[in-house]
Structures are given as structure tokens and as C-alpha cells.
Amino acid sequence: MHVNEHSVEIDRPAAAVFPYLVRSEQRLRWMGALAESEQVSDGEPGHGTRFRDVFEDHGQRIEIDAEVVEWQPVERVAIRLGASAFRSTGTHELRETGGRTRVSTRMETEYTSRMARLMAGVITRHAQTRLEEDLVRLKQLVENEA
248 MHVNEHSVEI
258 DRPAAAVFPY
268 LVRSEQRLRW
278 MGALAESEQV
288 SDGEPGHGTR
298 FRDVFEDHGQ
308 RIEIDAEVVE
318 WQPVERVAIR
328 LGASAFRSTG
338 THELRETGGR
348 TRVSTRMETE
358 YTSRMARLMA
368 GVITRHAQTR
378 LEEDLVRLKQ
388 LVENEA
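In terms of this note's numbering, the sequence shown opens at residue 248 and continues consecutively.
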């Protein structure tokens, strides 16, 4: 299992931050490699909600099926991701103190294709850089829209 983790402090309450983590139209604004995101299940986002996402990075186009597997509004959301080369679970935890929110993200990834397993170190390091950049973008976006 390969792990990526990063946290960021956002000068906004958790209720203002949470929608940016779970709505396709908001995720497209701060996740740098996310090129397309479509909710494919009906209703408001929640436990069991499914998405079809497309990430484009370094000339690669990766289609991902995603499902919300844990849902605690304003506190925690976990999303299981699946693609041809990997399976992953991403968890966002939100902790609010004095109107500020700490968002901690953890990605646990298992590489399933032979090529991905061979390149696991490089892929995981790149994913860490991407995660850090994305969370900085999330912070800027949420704070600027206050």
C-alpha cells in the first residue's frame, strides 16, 4: 500500500469548505489534473454517490470510477477510486477550530497493473506533489470566495 498525506488550514468554517470536496463542479476548480467529473448516481452527494472522473496528467488520460464510501457531513468523507492500473481510497477529514478548518487528506493506493507497480515510487512521489498543490489551490479558492 502506498500512502500520500497532506493537510492545509483554511480560514473558513468547515460548512463552507465541505462542498468543495464533494461536488463535481467545485472539485474541477481546485484539483489540477481533474479534467472531467460527472455524478452518475441520482440525488444530492452522500454515502453511495458515484462519480465518473477523468484525470489528465503528463499526456495520460485516466478514467476513474469513484464512490463515496464514508459520509459524515462537514467532518469526513472517504471516496473509493478504481481505474485499470490502481485502486485507491481518499479520505478528507475536517477539524474546525475558531472558524478555521484544518483539512487533512490521506490517499491509500494499491497499484494493480504491472507497469504501475514498477513505477510505484515515481507515481507516488508525483501524487504527493499533486496533492500538496491541489490543497493549496483549495485553500486559496475557498478563502477568496468568502
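Yeah, the Cβ is synthetic: ideal placement off N, Cα and C, and Gly gets one too. None of the values given here were measured: they were computed from a predicted structure.
1) Give the range of the alpha helix (DSSP H) segment to which V389 is assigned.
2) Just mark L328 as buried or exposed, buried being the case when its beta carbon has 16 or more other beta carbons within 10 Å.
3) Ends of the alpha helix (DSSP H) at V315?
4) Report all residues from its chain with a CB closer than 7 Å to the CB of Q277; omit the five preceding and five following residues, and keep chain order.
5) Are the CB atoms of S351 and E343 nearer to each other than 8 Å?
6) Assuming M354 contacts G337 under a Cβ cut-off of 8 Å, what Cβ separation, rounded to an integer in Å, is found between them?
7) Give me whichever residues DSSP pairs with H339 in a beta bridge.
8) Does DSSP put V287 in a helix, in a strand, or in coil?
9) Return the chain-ordered list of same chain residues with a C-beta closer than 8 Å to the C-beta of M362, the five sequence neighbours on each side being excluded.
10) Could you have a look at S271 and say whether DSSP puts it in helix, strand or coil?
11) Helix, strand or coil, according to DSSP, for R259 in the structure here?
12) Just to confirm before moving on: does the CB-CB distance between A393 and R270 stay below 8 Å?
13) Helix, strand or coil for A332, going by three-state DSSP, please let me know.
Taking the geometry as given:
1) Here residue 389 refers to the residue found at position 142 when the sequence shown is read from its first residue. Unbroken alpha helix (DSSP H) run through V389: A367 to N391.
2) Translated into positions along the sequence shown, residue 328 becomes position 81. Burial call: buried.
3) To locate residue 315, count along the sequence shown from 1; it is residue 68. That residue, V315, is in no alpha helix (DSSP H); its beta strand (DSSP E) goes Q307 to Q319.
4) Residue 277 sits at position 30 when you count from the first residue of the sequence shown. Correcting the residue identity first, residue 277 is Trp in this sequence and not Gln. Y267, D381, R384, L385 and L388, listed in sequence order.
5) Here the question's residue 351 lines up with position 104 in the sequence shown. Here the question's residue 343 lines up with position 96 in the sequence shown. Cβ atoms of S351 and E343: not closer than 8 Å.
6) For the purposes of this step, residue 354 is taken as residue 107 along the sequence shown, with counting starting at 1. For the purposes of this step, residue 337 is taken as residue 90 along the sequence shown, with counting starting at 1. M354 to G337, Cβ: 5 Å. Contact.
7) Indexing the sequence shown from 1 puts residue 339 at position 92. Looking at the DSSP assignment, H339 forms a beta bridge with V324 and T352.
8) Residue numbering aside, residue 287 sits at position 40 when the sequence shown is read from its first letter. Correct three-state label for V287: coil.
9) Counting from one through the sequence shown, the residue named residue 362 turns up at place 115. Only A332 meet the Cβ criterion.
10) For the purposes of this step, residue 271 is identified with residue 24 of the sequence shown, where counting begins at 1. Note: S271 maps to helix in three-state DSSP.
11) Reading the sequence shown from its first residue, position 12 is the one you call residue 259. Looking at R259 - three-state DSSP - the assignment turns out to be coil, as it is neither helix nor strand.
12) Along the sequence shown, one-based indexing puts residue 393 at 146. Along the sequence shown, one-based indexing puts residue 270 at 23. Against a cut-off of 8 Å, the Cβ pair of R270 and A393 comes out as no contact.
13) To locate residue 332, count along the sequence shown from 1; it is residue 85. It is coil, neither helix nor strand.
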